[in-house]
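A.B. asks: Protein chains in written order, with this note's numbering: chain A, 7 to 148; chain B, 20 to 406.
Before we start, here is the structure in question, set down as structure tokens.
Structure follows, in structure tokens:
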């Protein structure tokens, strides 16, 4: 990771709890948080908003060849997810191979995202897991 | 605004150039371009250089001053500016140089591009390139460049029925073209089967769907069109120079299978040049991944949205096709030293329009286009060149 502690700490609310912004003027939701609403600009009424975290897979890939920070995790799944409130984000999906489909419903899970070596800080944050049907409730989240 | 022409071009061999440095390459390309323009150093008014990440690749910033120095022009104290837009840095350097001449501020201007990527490990290179994506909201969660384009590819396949074989044919075609280009990184033909059997990088993209890590430099010399014939018998006119931008992160785009930055830049460029997409005879487009060439020919308006894969399969974009795309071998097979790519595209189109492209010459090429993309589509630059 090229990030350092203060850089990570600044983003803890968003990465741990999916906190973003809601503009009450135009009723648009933003993730990550914005200081300006692109629709209303200076006329915006912004408030902090904690997303439910549930959403839908728009597209995905399985990564076999990663940057140095993620080499030990390959293969892993990455997806673009549309949160139920509207905004999209990029995140990992914890699932067995072949377990992901476009349109699949997902929920947030709190996971380790990376470490700054053996002695450095550990980065936590949100990954996503499939919302399984009740009939197959034995869920594995590696 | 004044009309601007290219009066000289130069380009080094692309590839793993362990024997030369960034400085050596930029000087070689610059000298070739100035010689080709029959100009002298004293006539140069300004320099622009595209370079994405000298800081990460060779731990050298301040590339503007460096290249003026390497080119032997330091005693002239002319303005020398480095510009950066990730993989579109070269295209942006060309555009800045065009604006400088068109505005009347400068007459003779060099636009160069350079990247030296093989002095670091491939992991470090991948991380340096990942800086073109959103570091906080894409890379932090494990995104890589192949992964971002793989997600575009997956959705394009789902929506339009594009197949991986069609994507592989982009690589096959570009390797074929590269075999005819002396400066290309790869002089080997490949088959669809080779692409399909090569290791997976980010599903559905295999290693042979990806452009390589490369070293190289390119340069062009610009002049006002009304002065161009004093320097060159075969000047190439820059009929349009356009630039578009979009969100940095892929996930914030309006449509994940369209590069709106390309659509907007292309629309502006075609209006400026007063030509239609069907009038383009040859184009160099940004094929950093095979799917990117399919997206590009759609977003530039050469085919309908969703028809790019089919057009490649039917041979429309082959050297013998109706619209040859990436005659140089493209980023895929000519190589992709990121800062140099946008200038190399102009170099290739200039050769085609002059009729000097050797065995890969497109017959009667009169109007050419270059298309250079930064990141996953946050920046797009389109130039239209004419005889």
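In this text, a Cβ means the ideal position worked out from N, Cα and C, and glycines have one as well.
DSSP state of residue 102 of chain B, grouped into three classes?
C.D. replies: Residue state, collapsed to three classes: strand.
A.B. asks: Candidates B:301, B:88, B:175, B:115: which alpha carbon is nearest residue 108 of chain A's?
C.D. replies: Cα-wise, what sits closest to residue 108 of chain A is B:175.
A.B. asks: Which whole-angstrom value is the C-beta distance of residue 120 of chain B and residue 241 of chain B, which I expect to be below 8 Å?
C.D. replies: With a Cβ gap of about 5 Å, residue 120 of chain B and residue 241 of chain B count as contacting.
A.B. asks: Should residue 283 of chain B be flagged as near chain A, meaning a C-beta pair shorter than 9 Å?
C.D. replies: Closer than 9 Å: no.
A.B. asks: Any contact of the segment 38-45 of chain B with the segment 273-293 of chain B, i.e. 3+ C-beta pairs under 8 Å?
C.D. replies: Flag = no, the segment 38-45 of chain B and the segment 273-293 of chain B do not touch.
A.B. asks: Compute the Euclidean distance between the alpha carbons of residue 117 of chain A and residue 23 of chain A, then round it to the nearest angstrom.
C.D. replies: Rounded to whole angstroms, residue 117 of chain A to residue 23 of chain A spans 12 Å at the Cα level.
A.B. asks: In the DSSP assignment, what residue or residues form a beta bridge with residue 98 of chain A?
C.D. replies: Residue 98 of chain A pairs with A:84.
A.B. asks: Tell me which residues of the segment 167-180 of chain B have at least one Cβ-Cβ distance to chain A shorter than 7 Å, keeping chain order.
C.D. replies: So the close ones are 169, 170, 173, 174, 177.
A.B. asks: Would you say residue 41 of chain A lies against chain B (beta-carbon separation less than 9 Å)?
C.D. replies: Closer than 9 Å: no.
A.B. asks: Would residue 29 of chain A pass as an interface residue toward chain B - the criterion being a Cβ-Cβ separation below 9 Å?
C.D. replies: It does not: the Cβ of residue 29 of chain A has no partner Cβ on chain B nearer than 9 Å.
A.B. asks: Using a cut-off of 7 Å between C-beta atoms, extract the partners of residue 22 of chain A located in chain B.
C.D. replies: None at all; the shortest Cβ gap to chain B is about 13 Å.
A.B. asks: Report the partner residues of residue 261 of chain B according to the DSSP bridge assignment.
C.D. replies: The partner list for residue 261 of chain B (beta bridge, DSSP) reads B:401.
A.B. asks: Please determine, among B:197, B:57, B:393, the residue with the shortest C-alpha to C-alpha distance to residue 109 of chain B.
C.D. replies: The shortest Cα separation from residue 109 of chain B among B:197, B:57, B:393 belongs to B:393.
A.B. asks: Is the number of C-beta pairs between the segment 222-230 of chain B and the segment 71-82 of chain B that are closer than 8 Å three or more?
C.D. replies: Output reads no: the segment 71-82 of chain B does not touch the segment 222-230 of chain B.
A.B. asks: Excluding sequence positions up to five away, which residues of its chain have a Cβ less than 7 Å from the Cβ of residue 169 of chain B?
C.D. replies: Once the five neighbours on either side are set aside, the close Cβ partners of residue 169 of chain B are 221, 222, 223, 224.
A.B. asks: Compare the Cα-Cα distances from residue 213 of chain B to each of B:194, B:50, B:28 and report the closest residue.
C.D. replies: Minimum Cα distance to residue 213 of chain B is reached at B:194.
A.B. asks: Let me check understanding here. Comparing Cα to Cα, which of B:330, B:310, B:344 lies closest to residue 166 of chain B?
C.D. replies: When only C-alpha atoms are compared, the closest one is B:310.
A.B. asks: Interface residues of chain A around residue 244 of chain B at Cβ under 8 Å?
C.D. replies: Within 8 Å Cβ-Cβ: nothing; residue 244 of chain B doesn't reach chain A, min ~40 Å.
A.B. asks: Per DSSP, what are the beta-bridge partners of residue 51 of chain B in this structure?
C.D. replies: Residue 51 of chain B pairs with nothing; no bridge assigned.
A.B. asks: With a CB to CB cut of under 8 Å and the five nearest residues on each side skipped, what residues in its chain are close to residue 140 of chain B?
C.D. replies: Nothing listed; no residue qualifies.
A.B. asks: Using alpha carbons as the reference points, say which of A:69, A:134, A:11, A:39 lies closest to residue 88 of chain A.
C.D. replies: That would be A:134, whose Cα lies nearest to the Cα of residue 88 of chain A.
A.B. asks: Using a Cβ-Cβ distance under 9 Å, would residue 118 of chain A count as near chain B?
C.D. replies: No, its Cβ sits nowhere closer than 9 Å to a Cβ of chain B.
A.B. asks: Taking buried to mean at least 16 other C-beta atoms within 10 Å of its own C-beta, is residue 51 of chain A buried or exposed?
C.D. replies: When all chains shown are included, residue 51 of chain A counts as exposed.
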